[in-house]
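Accompanying notes for the structure given below.
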Amino acid sequence: MTEKACRACHLIISEGNVCPNCHSTELSERWDSYVLIFDPEKSEVGKKLNAKVAGKYAVRIR
Ligand SMILES: [Zn+2]
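Throughout, our numbering is defined as the position within the sequence shown, counted from one, plus 15.
Quick look at the structure:
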């Protein structure tokens, strides 16, 4: 199972080919480190990434 990162919002997706956060299908299998966001509305990183759902977000997509 390959985790993919959304190129638009950086959410890491473990299944499917559509991002549940922004519904983009532009996914990348090449990304570096990630951050865990539990509460996107209170997280500074979450705001920066425009995160709407809790989850793992790639810091850098190659
Ligand atoms: Zn996305």
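Beta carbons: idealized from backbone N, C-alpha and C, even for Gly. Note that this is a predicted model, so its numbers are computed, not measured.
For residue 70, DSSP records a beta bridge to 52. The residues 73, 74 and 75, in chain order, have a CB closer than 8 angstroms to that of residue 48 in the same chain once the five nearest residues on each side in sequence are set aside.
At least one heavy atom of ligand 1 falls within 7 angstroms of the beta-carbon of residue 36.
Comparing alpha-carbon positions, the option among 50, 46 and 67 lying closest to residue 56 turns out to be 67. Excluding residues up to 5 positions away in sequence, 32 and 33 lie with their Cβ nearer than 7 angstroms to the Cβ of residue 40 in the same chain. Taken from the Cβ of residue 39, at least one heavy atom of ligand 1 lies inside 7 angstroms.
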